[in-house]
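Per the numbering used here, the sequence shown runs over residues 41 to 471.
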Amino acid sequence: MHFPSSSLLLAAVAAPLAGAFPAAMWEAAARDPTILARAEQIQREHMEKRQVGADAAAKLFEPVPVFDAKKQYINVTKGSGHEYVAPSGDDLRGPCPGLNAFANHNFLPHDGYATIQQFIDVTEEVVGMGSDLSTFLAVYGAAIDGDLQAWSIAGTPSLAQGGPTGILGHGLVGSHNKYEGDASPTRPDLYESGNDYITQSDQFQELVNACKGGEITMDCLTNFRSYRNDVQIANNKYYFYGPFTGILVQPAAYTFIYRFMANHTAERPEGILDYSVLQSWFGVQGSNGNYKAVQGTERIPDNWYRRPQAYPYSIPYFLADVLNAAALHPKFLNIGGNTGTTNSFTGVDLADLTGGVFNAQTLAQGNNLGCFVYQLSAQAKPDVATGPLTKLQDVIGDIIKPLGCPQLQAIDNSQLEAFPGYSKNPVYAQS
Numbered sequence: 041m042h043f044p045s046s047s048l049l050l051a052a053v054a055a056p057l058a059g060a061f062p063a064a065m066w067e068a069a070a071r072d073p074t075i076l077a078r079a080e081q082i083q084r085e086h087m088e089k090r091q092v093g094a095d096a097a098a099k100l101f102e103p104v105p106v107f108d109a110k111k112q113y114i115n116v117t118k119g120s121g122h123e124y125v126a127p128s129g130d131d132l133r134g135p136c137p138g139l140n141a142f143a144n145h146n147f148l149p150h151d152g153y154a155t156i157q158q159f160i161d162v163t164e165e166v167v168g169m170g171s172d173l174s175t176f177l178a179v180y181g182a183a184i185d186g187d188l189q190a191w192s193i194a195g196t197p198s199l200a201q202g203g204p205t206g207i208l209g210h211g212l213v214g215s216h217n218k219y220e221g222d223a224s225p226t227r228p229d230l231y232e233s234g235n236d237y238i239t240q241s242d243q244f245q246e247l248v249n250a251c252k253g254g255e256i257t258m259d260c261l262t263n264f265r266s267y268r269n270d271v272q273i274a275n276n277k278y279y280f281y282g283p284f285t286g287i288l289v290q291p292a293a294y295t296f297i298y299r300f301m302a303n304h305t306a307e308r309p310e311g312i313l314d315y316s317v318l319q320s321w322f323g324v325q326g327s328n329g330n331y332k333a334v335q336g337t338e339r340i341p342d343n344w345y346r347r348p349q350a351y352p353y354s355i356p357y358f359l360a361d362v363l364n365a366a367a368l369h370p371k372f373l374n375i376g377g378n379t380g381t382t383n384s385f386t387g388v389d390l391a392d393l394t395g396g397v398f399n400a401q402t403l404a405q406g407n408n409l410g411c412f413v414y415q416l417s418a419q420a421k422p423d424v425a426t427g428p429l430t431k432l433q434d435v436i437g438d439i440i441k442p443l444g445c446p447q448l449q450a451i452d453n454s455q456l457e458a459f460p461g462y463s464k465n466p467v468y469a470q471s
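Below, the structure written as structure tokens:
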């Protein structure tokens, strides 16, 4: 296995943030110069002390408590047009609880099939995703799991939902090793159970058990992610931790829980995610010790306030969370998988995989992690092989342009094909 050393990770955590931080704070600083002054002070302290921890990035990207009840309130009451409506038998619901909730509240089309712009608008408006991250995720979904213009939050849409081109895309349920991967917090692994999108009551209980004191935090989510990886390596002989789905998609499944689902209040402007709020977002009934997940019933909680507009969850913020998690658990940067038996995890040599462009010693330094995962995403195989993926390539180009990335020409897929969890042809259950 090829693990980056802890000392390299600790030194690298702050490095990519210095240039990105002022951009993330620009809008807030224009309104209140004290925010930028405080930001600069915290950034200096962070660089000097090399602060680490699962939630360390918040001190850089959210330096001054901000709460505006009017702007942050998401109205889902009766008559708002966004009251909860349960999905019908034809509506598409898949592995992402947030997207399921958006559709149940008609922020996204209720049938679960939406365009790139609809995904961008909703994720920014409802949960405060940064425009750079929302654009990348929406375009990537359409390019990889849809028809280049729209995509399903679950499986293949019907002809009525997706039209003649939409039905060629397999959606999120059909995106194993592309947009969806192993060791989800609440969903099973595809090759372990036959489905990768149905919330498991026992896994939800394990998540709650990992987070003591009635709250879900970044610290307990990060530790739970480590636990889930260990459990799946021990139980899924096809477990695979890919260069994109492992290093980028898997951490998103955990960090997004807190960054987007926490409720913000005047007393807790940074956000508080208690068990009841988490239950609502995940469509889980009952109480601690007696939970029952009901697929497709995810909903935005009543009296819920999103993250402040001054602090969108942007790509630099997210990558800082990824690096902070890896500083605590260096295995999070170890690409590889089981080799056909349980507990047989074997790592890939990054230098061999990337033709020497990246290696384990430098992946966490500077902007290399972002350069690696975003360039790699442009090489994923789309469901619809019609024409070049120009829009996706343009978006990725905009992301990596200011990073000064070494050019990744291609990856050596033969390094990954040795893992049955990568090369196995999936048969997808339909949602």
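Just so it is clear, CB atoms sit at the ideal spot from N, CA and C, and this is done for glycine as well.
If you draw a straight line from the Cα of G410 to the Cα of K464, it is about 28 Å long.
Taking the Cα positions, S171 is about 8 Å away from P352.
A distance of 7 Å or more separates the beta carbons of I193 and G253.
Contact annotation: G282 and N217 have beta-carbon atoms nearer than 7 Å. The shortest C-alpha to C-alpha distance from Y237 to any of E338, S320, G329 and F459 is the one to E338. Taking the CA atoms as reference points, D423 sits about 43 Å from R308. For T155, the enclosing beta strand (DSSP E) starts and ends at Y153 to T155. Taken in chain order, the whole beta strand (DSSP E) runs of length 3 or more contained in the region 100-185 are 153-155.
By the Cβ test, the region 358-369 is in contact with the region 259-277, since at least three Cβ pairs between them sit closer than 8 Å. Within the model, the alpha-carbon separation for S384 versus E246 is close to 24 Å. Between G195 and V167 a beta carbon distance of about 24 Å is seen, past the 8 Å cut, so the two are scored as non-contacting.
Along the region 194-255, the alpha helix (DSSP H) occurs as fully enclosed runs of 4 or more residues at 199-206, 230-233 and 241-250, listed in sequence order. When secondary structure is reduced to three states using DSSP, G377 falls in the strand class. G377 is not a Cβ neighbour of G387, given a cutoff of 7 Å. Residue pairing by DSSP places G326 opposite Y331 in a beta bridge. Counting C-beta pairs closer than 8 Å gives fewer than three between the region 132-148 and the region 396-414, which falls short of the contact rule. Under the three-state reduction of DSSP output, A450 falls in the coil class, being neither helix nor strand.
DSSP assignment within the region 280-357 yields the following whole beta strand (DSSP E) runs of 3 residues or more, N-terminal first: 324-327 and 330-333.
Contact check for F244 against Y345 fails: the beta carbons are separated by 7 Å or more. Taking a C-beta distance under 7 Å as the contact criterion, L416 and Q455 do not qualify as a contact pair. Beyond the five residues adjoining it in sequence on each side, P446 comes within less than 7 Å, by CB distance, of V397 and C411 in the same chain, given in chain order.
For S384, there is no enclosing beta strand (DSSP E), as DSSP marks it with neither H nor E. Under the three-state reduction of DSSP, A190 is assigned to strand.
With contacts defined by Cβ atoms closer than 7 Å, A350 and V106 form a contacting pair. In the three-state scheme derived from DSSP, where H, G and I count as helix and E and B as strand, N465 is classed as coil. Separation of D438 and Q325 (C-alpha to C-alpha, rounded to the nearest whole angstrom) is 42 Å. With fewer than 16 other Cβ atoms inside 10 Å of its own Cβ, L199 counts as exposed. For Y278, there is no enclosing alpha helix (DSSP H), as DSSP marks it with neither H nor E.
The Cβ atoms of I156 and A141 do not sit closer than 7 Å to each other. Three or more beta-carbon pairs separated by less than 8 Å link the region 264-273 to the region 288-298, which places the two stretches in contact. By the neighbour-count criterion, in which 16 or more other beta carbons inside 10 Å mark a residue as buried, N144 falls on the buried side. About 6 Å separates the beta carbons of E255 and D314, which is inside the 8 Å limit, making them a contact pair. Contact between D185 and G211 holds, since their C-beta atoms are separated by about 5 Å, short of 8 Å.
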